[in-house]
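Protein chains in written order, with the numbering used here: chain A, 1 to 375; chain B, 376 to 808.
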């Protein structure tokens, strides 16, 4: 037995040595084996950006709402609300984006938060694919209200170790960047290496990708919206083809709105924008017929509850263009600020939380085409 | 947990009763109690909703609407496997082929032996139970062999099955968007996925058991090198095939008797085998298709012609053997389409596309480059399988004549391949059965 164990240990030494490289990178960057509760609770400025532990963001947002004082207004949805910033509102604000995958997630997410923390208003993004009968997210088992609370992974999986090692070999991350000392708090490989991640207000900065966008760098993943257009052509990755609306999603939306009204939460819903070539490709393909039916089906549901619905799918807001899109289906801060201005100018109740003058002032001092604020 | 405990207790008591009882009629009654309980649980948990749905469909076909739904039943893990394992024990005791055990702990360990509990091999009491009585002593070569088999099982599962499943899922889940050639490629990937997945699990189970000093029965014997369907079924999921042979096929009369009974028995065994896999018409049709493949061999009395490994003692097969292997493999791939499809309609749509002009276009799907890499890994895997086909498993004696450094280097290569080229984590397919 002793001989067997000794030989086994010796045999496993080499793989263990190899594993220690990604493990060290993950540990020292804070990607894994680092708790974030203290950082969220404290008021120090931080940037939390994971490369492989994206499910931790769900916990981050839940904890951000649970552990901090109540906020007046939230942005809630997928990654397509992440460019709403604290500075765009005169009321207290938190961006709870990147927590919602399908319509069925809205209600359990709220139920998972203590009701004393509920806001007065929630801006929700209704991503077009959430209404596609052929998109399978609604077929997955419904998430429990504990889902977000239990989304934090402390330990790395074998898959994460592998990806980290692969990316180090591919020089996606330089070891020196991982170990580099930063004045501010940066947790996670994306935050440390690419300056990409979530800020204290829950919004997201694209970090170094913004510099690439400004330089029109062809190495960008969705350069010229090629990746999004390819997804549309293949009918995959949220761009599945479909002609009919998912009636289940409409029922779930109604349930969520009923819940909000009951809890005195005002909901402002919007269809998020696509870059013009993307919007055009979706229309001309003739395979995404469900999209054109969304407004007619969803608007009455919101109106029945006395709530607002805005359709920003076609990016023709004044002062914005494709050049302000981060990629094919994510508008930048400028796009989001202009969406708010449009709402205000058309009588939205969002005026309780922001003013045109505030937004215009911010836009006049915008950092660059994609970022309005300098922090 | 309570279910497995109950089954264990029932079969333990029933076997003791069978041993004591001399009256044949009463013995038969006791046996049927065991069969009813075991198959009753299996039937309820696995097939209740299937029967309800089809019952309602049948009524609605005749214009009557039945107003009751199915139940939300969670299938207990491993129920198809341990139910058959305990049944074989009581049947063997009934047949007086096996003396009942009086050691409840040993019997419980036999039913719930962890390496093979959830997905087999379906062990026979006559093989596994006596091993719990013996005092085990550590055997170095046994343990090293066990680890080697675990390594090979992990390679099959993580490198072959998990990579193949990514491609197969992509193609089958979006089959409406793809042409015949792509769907056929999807079926090919699924063919290797299910083999890597299931035989990989069996290797891990066998290897882990060997580490603990137990020998389990072999479950796979290089089935994709079979020269006819009869040989394939002697080499695929051996523990289930032999279970059906011993406890269903032979009691029905097997291949004895007139032509009608031969045909009947063949259809029964393949249909039951298909239905064992799951409550879906796709599995039944898969069983039916295999019965149709098998029947001509049985009727021509050619079902036991290929009993030895192909090209035994040679490196290359003859042209005839190659043709036989390829044609058998082709039939197996075709049958897997029905096994993989989500419904019979889905399967028929896939088949229709394969027999259309789109079969002559180049395959195209999202993740094509990953598919090409996976094909390379499959080629490497099948080469090792071919070289080791006369052994218990491919890696069993591979590289034994090489210098030690080279052999260990090869094991490192396998470990590295598992780590580097392993696919996205997927649950074992047979966990659902």
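Glycine is no exception: its CB is placed at the ideal position from the N, C-alpha and C atoms. Just so we're clear, the structure is a prediction, and the values are computed from it rather than from any experiment.
Enclosing alpha helix (DSSP H) for residue i [first to last residue]
i                      : result
residue 125 of chain A : Careful: residue 125 of chain A lies outside any alpha helix (DSSP H), inside the beta strand (DSSP E) at 121 to 125.
residue 308 of chain A : First-last for residue 308 of chain A: 308 to 311, but that is the beta strand (DSSP E), not the alpha helix (DSSP H).
residue 675 of chain B : Looking at the DSSP string, residue 675 of chain B is not in any alpha helix (DSSP H), and its letter there is neither H nor E.
residue 297 of chain A : 291 to 304
residue 393 of chain B : 377 to 395
residue 82 of chain A  : Unbroken run through residue 82 of chain A: none, as it is neither H nor E.
residue 168 of chain A : 158 to 169
residue 536 of chain B : From DSSP, residue 536 of chain B is part of no alpha helix (DSSP H); its letter is neither H nor E.
residue 134 of chain A : No alpha helix (DSSP H) holds residue 134 of chain A; DSSP gives it neither H nor E.
residue 452 of chain B : Segment: none, residue 452 of chain B is in no alpha helix (DSSP H) and carries neither H nor E.
residue 407 of chain B : 399 to 417
residue 522 of chain B : 515 to 529
Closer than 9 Å at the beta carbon, the chain A residues around residue i
i                      : result
residue 800 of chain B : 157, 158, 159
Neighbour list for residue i in chain B, Cβ cutoff strictly below 7 Å
i                     : result
residue 15 of chain A : 790
residue 1 of chain A  : 513
For residue i, three-class secondary structure by DSSP
i                      : result
residue 96 of chain A  : strand
residue 16 of chain A  : helix
residue 492 of chain B : coil
residue 570 of chain B : helix
residue 652 of chain B : helix
residue 592 of chain B : coil
residue 634 of chain B : helix
residue 706 of chain B : helix
residue 551 of chain B : helix
residue 185 of chain A : strand
residue 772 of chain B : coil
residue 369 of chain A : coil
residue 225 of chain A : helix
residue 362 of chain A : helix
residue 33 of chain A  : coil
Contact set for residue i: own chain, Cβ-Cβ below 8 Å, skip 5 residues either direction
i                      : result
residue 342 of chain A : 310, 312, 317, 318
residue 478 of chain B : 507, 508
residue 332 of chain A : 83, 324, 325, 326, 369, 370, 371
residue 655 of chain B : 425, 718
residue 525 of chain B : 578, 579, 582, 583, 586
Contact set for residue i: own chain, Cβ-Cβ below 7 Å, skip 5 residues either direction
i                      : result
residue 90 of chain A  : 353, 354, 355, 358
residue 725 of chain B : 550, 558, 712, 716
residue 200 of chain A : 45, 46
residue 80 of chain A  : 125, 127, 272, 329, 330
residue 190 of chain A : 49, 50, 51, 196, 197
residue 410 of chain B : 462
Unbroken beta strand (DSSP E) run spanning residue i, endpoints
i                      : result
residue 266 of chain A : 266 to 271
residue 46 of chain A  : 46 to 48
residue 212 of chain A : Residue 212 of chain A -> not in any beta strand (DSSP E); alpha helix (DSSP H) instead, spanning 208 to 214.
residue 325 of chain A : 325 to 327
Cβ-based neighbour list, residue i, same chain, cut-off 6 Å, excluding 5 preceding and 5 following
i                      : result
residue 412 of chain B : 385
residue 256 of chain A : 106, 107
residue 759 of chain B : 769
Contact list for residue i against chain B, beta-carbon separation under 9 Å
i                      : result
residue 370 of chain A : Neighbours of residue 370 of chain A on chain B: none; closest Cβ ~29 Å, over 9 Å.
Contacts that residue i makes with chain B (C-beta to C-beta distance below 8 Å)
i                    : result
residue 4 of chain A : 513, 515, 518, 519
message = At a CB distance below 9 Å, what residues from the segment 764 to 798 of chain B approach chain A? Give them in sequence order.
response = 783, 786, 787, 790, 791, 794, 795, 797
message = Tell me which residues of the segment 709 to 742 of chain B have at least one Cβ-Cβ distance to chain A shorter than 7 Å, keeping chain order.
response = 741
inquiry  = So if I threshold CB-CB distances at 7 Å, which residues from the segment 224 to 236 of chain A count as touching chain B?
reply    = So the list reads 234, 235, 236, given in the order they occur along the chain.
task = Could you run through the segment 513 to 536 of chain B and flag, in chain order, every residue whose CB is less than 8 Å away from some CB of chain A?
result = 513, 515, 518, 519, 522
key: chain B contacts from the segment 308 to 329 of chain A (Cβ-Cβ distance under 8 Å)   = none
ask   = Any residues in the segment 552 to 579 of chain B with a beta carbon nearer than 8 Å to a beta carbon of chain A? Which ones, in chain order?
value = Result list: 552.
ask   = Using a beta-carbon distance cut-off of less than 7 Å, what residues from the segment 159 to 183 of chain A approach chain B?
value = 159, 162
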